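Written below as structure tokens is the structure these notes are about.
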Amino acid sequence: MSILEYNGGSVVAMRGKKCVAIAGDLRLGNRNMTLATNFEKVFPINPKLYVGLPGLQTDVLTLKERFRFRTNMYKMKESRDISPLTFARLVASTLYERRWSPYFVEPVIAGLDETTNEPFIAATDLIGCLNFAKDFVVSGTASDKLFGVAEALWEPELESEDLFETISQTLLNAVDRDALSGWGAVVHVITADKIITRTLKARMD
Amino acid sequence: MSAPGGGGAYSFSLTTFSPSGKLVQIEHALAAVAQGTTSLGIKATNGVVIATEKKTPSPLVDDSMLEKVAMVCPNIGIVYSGMGPDFRVLVTSARKSAQAYWKIYNEYPPTRIMVQEIASVMQDATQKGGVRPFGVSLLVAGWDKTRGVTLYQVDPSGSYWAWKASAMGKNMVNAKTFLEKRYNDDISLEDAIHTALLTLKEGFEGQMTEKTVEIGVVQIPPEWDPNAVHEEEVGGKFGLIKGQPVFRKLSEEEVRDHLNL
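First to last, the sequence lines map onto chains A and B. So that you can map any letter, position 104 of the first sequence is 276 in our numbering, and since no number is skipped, the others follow by simple counting. So that you can map any letter, position 199 of the second sequence is 1338 in our numbering, and since no number is skipped, the others follow by simple counting.
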């Protein structure tokens, strides 16, 4: 079993019309034993920017704190919120710093640009290779399955309500085919004026 | 910084407080700046210009190799009054700092952040053992997405502040008076360059030609739309947005054209 699969967990993000959505499961496991069903892995960076961190739990928590540190310092120094693109590059350079002893996390980023409200999604691998997808990004133990369902269900220019349905079905059906992901799901839909966070009723197995 | 031979008299800072609350070394550094050739900067609605006299001690000096207006990164340029060698060191340090920022964020720093870094370096030299303050004042001109064009002055003490228009060096008092009369908030870049040259001319020793002045500008192109989404920004080349305002030095032909106006 690869170290990236040790704790399990998956995240997906999708771009819509003037909105983005990011969703993750809630499982925390120890190999095949489930330890927790309330382990959130999607964190806010600023009101319109979220990052999903699936992977080894200790690195998930450490990276969350490191990004919090760096983005808080950025905000204080530059007197502005970090834009999603700049944050993506910060994630990439932070991960590459550990090129030869990496964090076992493959982050997913979703947000709206702070001035233009342009939707933005991106993902990186564990050593910081950036992927600026135009449609959706996936990561975690169910990533192959997420690719499959997302490819089938996603279409461009979905309104926020439709995007919510699409991303929810993508996540739920993909994690149902993965033993190490699931046990609950949380979806965040980000639009220019608000973020709606919903907990999904999922198969608890 | 530890001096060789156990430190001795130089193991503490050379900048220490006087009883009146002043840092005398900084006062002396400012005196060194006031002896330097005049330099100035003017912020316009669509850009910013910085300029200086290029004065050489002898006509035998090859002045084409002298660089007093320098680019720090594509969106920021810098000019000085005071000691040339100190300026060179600060420019190198500023350029490195810009690249370090780029390495993390894949974009160049906003002007204010760059100024803070430079000011930090200069302040360091007022509170460390065995070093003296930098004998230069800098004018930093730049453009960034958040604040547009800005012009900052940085002093040997490390304090910095933004100007609409300013001058430093030998002729600074007369130059600033001149600028106060001529400046208005709606000045265009073309007018600003013209005004900069007129201001330099006021206190110029000798012939003012395209070879004895150096001018740098940050120019916002007329077609630049700040609210447009710049697709090229994503994975863009060298941390620049396509078509964004950049810093450049005016060529000798351009300076000559402006002088002939």
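Where is the CB? At the ideal position from N, CA and C, for every residue including glycine. Predicted model only: the values in this text are computed from it and were never measured.
A direct Cα-Cα distance of roughly 17 Å separates Thr1316 (chain B) from Asp1330 (chain B). 8 Å or more divides the Cβ of Asp197 (chain A) from the Cβ of Ala364 (chain A).
Using a Cβ-Cβ cut-off of 8 Å, Lys249 (chain A) counts as an interface residue toward chain B, since at least one Cβ of chain B sits closer than that to its own. Within the model, the alpha-carbon separation for Gly283 (chain A) versus Val309 (chain A) is close to 13 Å. Taking every protein chain shown into account, the CB of Glu327 (chain A) has fewer than 16 other CB atoms within 10 angstroms, so this residue is exposed.
In its chain, beyond the 5 residues on either side, Gly1186, Asn1214, Trp1282, Val1288, Val1357, Gln1358, Ile1359, Pro1360 and Trp1363 have a beta carbon closer than 8 Å to the beta carbon of Pro1384 (chain B). Think of a sphere of 7 Å around the beta carbon of Tyr1244 (chain B): the chain A residues whose beta carbon falls inside it are Thr258, Arg261 and Leu262, in chain order. Taking the CA atoms as reference points, Asn1399 (chain B) sits about 14 Å from Ser1390 (chain B).
According to DSSP, Glu1192 (chain B) shares a beta bridge with B:Val1352. For Arg1227 (chain B), the enclosing alpha helix (DSSP H) starts and ends at Gly1223 to Tyr1244. When Cβ-Cβ separations below 8 Å define contact, Pro1249 (chain B) makes contact with chain A. The stretch 256–269 of chain A makes contact with the stretch 281–299 of chain A: 3 or more CB pairs, one atom from each, lie closer than 8 Å. Between Glu329 (chain A) and Lys190 (chain A), the alpha-carbon positions lie close to 8 Å from each other. For Met1261 (chain B), the enclosing alpha helix (DSSP H) starts and ends at Thr1250 to Asp1263. Between Val183 (chain A) and Ile339 (chain A) the beta-carbon gap is near 11 Å, outside 8 Å, which marks them as no contact. In its chain, beyond the 5 residues on either side, no residue has a beta carbon closer than 6 Å to the beta carbon of Thr266 (chain A). For Asp1396 (chain B), the enclosing alpha helix (DSSP H) begins and ends at Glu1391 to Asn1399. Distance between Ala195 (chain A) and Val277 (chain A), taken at the CA atoms: about 16 Å. Secondary structure of Lys236 (chain A) (DSSP, three-state): helix.
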